[in-house]
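A quick write-up on the structure given underneath.
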Amino acid sequence: MGGGTALFVGGWCVSPAGGIESLAFVVDGAEQPVMEHGMPRLDVFRALHPGLDPFDTRGIESDPDSPDDPRMASYRSGFWGIARIEPRARREEVKIAVRARFEDGSDAESELASIKEVELEPPTVNGQRSTINVPLVAICMATYNPPTELLHAQLDSIRAQTHGNWVCVVSDDCSDPERFAELEQAVEGDPRFVVSRSPRRLGFYRNFERALALAPVDADFVAMSDQDDAWHADKLESLLARIGDARLVYSDARIIDRDGRLISDTYWRERRNNHDDLLSLLVANSVTGAASLFPRELLGYALPFPPPQFAHFHDHWLGLTALALGDIEFVERPLYDYVQHGQAVLGHENANRMVTLRHRVGGLRRDPRERVRKWRMHYFVDVCRLMQFATVLSMRCRERMEPGKRRVLDRFLGTDRSLVSAGRLAARGARELVGRPETLGAEWMLFFAFAWRRLLSATTRERPVRGLRLDAVPPPALDPKPGARTPVAPGPRAIAEKIAPLELAARDDAPQRINLLIPTIDLDHFFGGYIAKFNLASALAARGLRVRLLTVDPVAPLPRSWQRTLESYSGLAGFFEHVEVEFGRESGGVEVSRSDRFVASTWWTAHIADAAVRSLGGAERFLYLIQEYEPFTFPMGTYAALAAESYNLPHRALFSSELLRDYFRRHGIGVYADGSDGDAASESFENAITAVPPPGAAALAARGTRKLLFYARPEPHAARNMFELALLGLGSALDRGAFAGWELNGIGSVEPGRRIPIRDGLALKLLPRTGQDEYAALLRDHDVGLSLMYTPHPSLVPIEM
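Under numbering that gives the first Met the number 0, the residues of the sequence shown are numbered 0 to 800, in order.
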């Protein structure tokens, strides 16, 4: 906990008891009001009221079919805030709950999390204390799969330092075994280097935290080092000469490419350097970690880092901590070469990109809905990120801060509720358009984010209103990849996000798992294909394997009964007792071992499985559960091309029917491409179908009205079911006198309850979804089934019909 820490907590809160008057976090028994509650969550409303049109609830005051939300309060259920965790004398679990107080004065409480407090890895490095009065510098380097030639250049530049009293601790972030062996070999025989391997993948932010925790306690100063730069020989000497009484000193840098060619002779070519204004440093970091040196005592305030829920950077936090406690000095000449290459986390260009006035004006022509979505993303990703930093900074450093700096933090933390503070941010942003920018206009971005929050409150109603589509659902990930907030056309961004690799946290002591990748968990779309995926997971678990379902798309809110609902399907009783579930996009890092195996179940999960296999290096290929020739599900274009390409990735195939396998065989697709022995690299099975005992002769003879059941799926994602073609066929048949007096019903739509006109006085009624037993009874009650599929896979519905 250090001197205290803080967690961002967001979610939704609904009670069958009725309206919520106030909401608070309860941290170890103490109440802390949330920042916001009663915010609109259209996704929650849809999850808890699947049969209702959220924009057509006129006259509907209650929904008795929704046990979680009978009073339909779920639309205004969103909440978020910063939960402060105070320092404590002994390590123990931290319990965080949410407490709702209702309009009648009663309250209720629900535990959100029980978080285990752990100690940072203790220092294990002894310094080289000299007999003369020369300060000892602990160089803390963070590595992960370091490029060999750049690593050697960096190590050589450290060895060449004119200040010779140093020790270098290297925290390796669970690199691939061969790359870690190269690292150990590179420092072998030099006692000044101590290498410590993290047992699990942490990411650069947490790995630098770990490296700093390894700094020997008898060091006087600490310097940070990247794995791929090159220090000038006098770097440490020059920084030590300049630091004086400051809490941190940093220098300029030359920017070079991987081949040593000069890109810029200064880091500050585009923006003005700032190291004395706390608000400027808070909204736009200017302290580069690889250029820095600071007294070791600073770590007493900086460690542990604020929880890495957002796109945090270690040097930003250290710079803020140093400036909160005192002054920061700057050496105006370059003391190292900052190497730009494809594997760099941020890069010089991204860190210095200014959004120009021309671009801002041009942005006004973009779709207003896209701009509002962008403001929402900046609120959660940037405003809440800085709120967390400011909260932790105030908790740990307040007593030693100057009054002016305390006011800066307090004013920023109050901006969410102060028009004056928001106006100051806008004015600060405007000044960035004149002369050389200091903060790259970050204040404007924050101002619009705060404006979104106020617009949200001003327009929110008790029920969703068509046209007012403001929604307070947070983005799936609060720590997007660098550059993800740069304006990109919606189409390319959606495609890139769909096939983006999952964030994996490999650890040496993790158990081996079979990871079955599925798109999401959505009760409205839990059809035969999903049942097959769950049954495959269940069958693997029955073999004694450790199996995990891993979602790769963002998962919408699920009702409390979602697990019971899924276990009610045939063959899935007790499923969650034997199979793990993890929501991949919502995870800060999916724990894996290097021997984990991956099973893909759709074309985009195949791309993600391939990336996972390549990143871990433990397997040559993944298993591909193929239930469809998926290019047929799209118009000819990008998605169809990516779906077709998925069959060229290294895999073994498991086909859901021999018919489908034969299609791949005859057309030379996937494991059968280029004359390969596809039979040896694949297997097929016949999907289990719903048991439908046929009605007896007497029951048939007793029927009055005849009924036709149409597998009707009008949604764009089900275009291969040829809904329109079937309706044309029904219309033609009706014109010829067929089906006179029949009842025409449709199943399979996610929007039931509609009646679709076919001919005068005749319409198709879309029936609501049912459980598996009710579905079987529905089939028995109909006389003729109609199901079209433009695909080599036969589908389960016509077989069941």
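Ideal Cβ placement from N, Cα and C applies to all residues, glycine included.
Burial state of residue i (16 or more Cβ within 10 Å)
| i | result |
| --- | --- |
| Val344 | No answer about Val344 holds up, because its pLDDT of 48 lies below 50 and its placement is not dependable. |
| Val589 | buried |
| Thr320 | buried |
| Val419 | exposed |
| Gly126 | Legend: pLDDT at Gly126 = 47, less than 50; position of this residue unreliable, value from coordinates given subsequently. Classification of Gly126: buried, given that the 10 Å Cβ count is 16 or more. |
| Ala712 | Note that residue 712 corresponds to Arg in the displayed sequence, not to Ala. It counts as buried. |
| His347 | With a pLDDT of 46 at His347, under the threshold of 50, the modelled position of that residue is not reliable, and no figure is offered here. |
| Met635 | exposed |
| His231 | buried |
| Asp27 | exposed |
| Ser456 | exposed |
| Glu91 | exposed |
| Glu827 | As displayed, the chain neither begins before 0 nor continues past 800, which places residue 827 out of reach and without an answer. |
Residues bridged to residue i [DSSP beta-bridge criterion]
| i | result |
| --- | --- |
| Ile607 | In the DSSP output, where bridge partners are listed per residue, Ile607 has none listed. |
| Asp336 | Ala229, Arg253 |
| Tyr74 | Note: Tyr74 sits in no beta bridge, so no partner. |
| Thr147 | None, per the DSSP bridge assignment. |
| Val26 | Ala29, Ile95 |
| Ser113 | Lys94 |
| Phe329 | Tyr249 |
| Leu765 | Gly745 |
| Ile798 | Looking at the DSSP assignment, Ile798 forms no beta bridge with any residue, so it has no partner. |
| Asn514 | Arg547, Phe597 |
| Ser65 | DSSP output for Ser65 lists no bridge partner at all. |
| Trp79 | Gly9, Glu35 |
Beta-carbon contacts of residue i that lie in its chain and below 8 Å, excluding the five residues immediately before and after
| i | result |
| --- | --- |
| Pro510 | Arg545, Ser592 |
| Leu297 | Val221, Arg246, Leu247, Leu317, Thr320, Ala321, Leu324 |
| Glu714 | Ser748, Val749, Glu750 |
| Thr56 | Met71, Arg462, Pro463 |
| Phe101 | Ser14, Ala16, Gly17, Gly18, Ile19, Glu20, Ala107 |
| Asp103 | Gly17 |
| Leu385 | Leu281, Val282, Phe411, Leu445 |
| Arg40 | Trp11, Ser73, Tyr74, Arg75, Ser76, Gly77, Asp470, Ala471, Val472, Pro556 |
Sequence-distant residues of the same chain with beta carbon closer than 7 Å to residue i, five excluded per side
| i | result |
| --- | --- |
| Ala610 | Pro500 |
| Lys404 | Leu277, Ala323 |
| Ala82 | Ala5, Leu6, Val8, Phe24, Val26, Gln31, Ile95 |
| Asp415 | Met34, Phe449, Arg452 |
| Asp381 | Met444, Leu445, Ala448 |
| Arg45 | Pro53 |
Range covered by the alpha helix (DSSP H) that runs through residue i
| i | result |
| --- | --- |
| Leu298 | 298 to 301 |
| Ser731 | 722 to 734 |
| Pro756 | Pro756 -> not in any alpha helix (DSSP H); beta strand (DSSP E) instead, spanning 754 to 758. |
| His377 | 367 to 377 |
| Cys383 | 383 to 396 |
| Ala212 | 203 to 212 |
| Ala718 | Careful: Ala718 lies outside any alpha helix (DSSP H) and carries neither H nor E. |
| Ala504 | Segment 503 to 505 is the beta strand (DSSP E) holding Ala504; no alpha helix (DSSP H) there. |
Residue i Cβ short of 6 Å to the ligand ADP heavy atom set
| i | result |
| --- | --- |
| Phe446 | This structure does not include the ligand ADP; it has no bound ligands of any sort. |
Proximal residues to residue i (C-beta, below 6 Å), its chain only, five neighbours per side dropped
| i | result |
| --- | --- |
| His377 | Met444, Ala448 |
| Val670 | Ala652, Gly677, Ala680, Ser681 |
| Ser263 | Ile254 |
| Pro333 | Asp251, Ala252, Arg253 |
| Tyr710 | Gly747, Ser786, Val796 |
N- and C-terminal bounds of the beta strand (DSSP E) containing residue i
| i | result |
| --- | --- |
| Phe101 | 92 to 101 |
| Trp11 | 4 to 11 |
| Gln626 | No beta strand (DSSP E) contains Gln626, which DSSP labels as neither H nor E. |
| Asn744 | 742 to 746 |
| Ala180 | Run containing Ala180: none in the beta strand (DSSP E); it sits in the alpha helix (DSSP H), 176 to 186. |
| Met0 | Neither: Met0 is in no beta strand (DSSP E) and is coded neither H nor E. |
| Tyr568 | Here Tyr568 belongs to no beta strand (DSSP E), and DSSP marks it neither H nor E. |
| Thr142 | 136 to 142 |
| Ser195 | 192 to 196 |
| Arg596 | 596 to 599 |
| Ala222 | 220 to 224 |
| Asp171 | 165 to 171 |
| Ala775 | Looking at the DSSP string, Ala775 is not in any beta strand (DSSP E); the run it does join, the alpha helix (DSSP H), is 771 to 779. |
| Val580 | 578 to 582 |
Task: Runs of alpha helix (DSSP H) lying entirely within the stretch 405 to 454, each at least 4 residues, in chain order - done: If we require 4 residues or more, the alpha helix (DSSP H) runs fully inside the stretch 405 to 454 come out as 418 to 430.
- [ ] May I have a chain-ordered list of the alpha helix (DSSP H) segments no shorter than 4 residues that lie completely inside the stretch 517 to 563?
- [x] Listed in chain order, the complete alpha helix (DSSP H) runs (minimum 4 residues) inside the stretch 517 to 563 are 527 to 541.
Open item on the list: Which runs of the beta strand (DSSP E) at least 3 residues long sit entirely within the stretch 235 to 319? Give them in chain order.
Closed with: If only complete runs of 3 or more residues are kept, the stretch 235 to 319 shows the beta strand (DSSP E) at 247 to 256, 261 to 263, 291 to 294, in order along the chain.
TODO: Jot down the residue ranges of each uninterrupted alpha helix (DSSP H) in the stretch 643 to 712, minimum 4 residues, whole runs only, in chain order.
DONE: As far as the stretch 643 to 712 is concerned, its whole alpha helix (DSSP H) runs of at least 4 residues are 657 to 666, 696 to 700.
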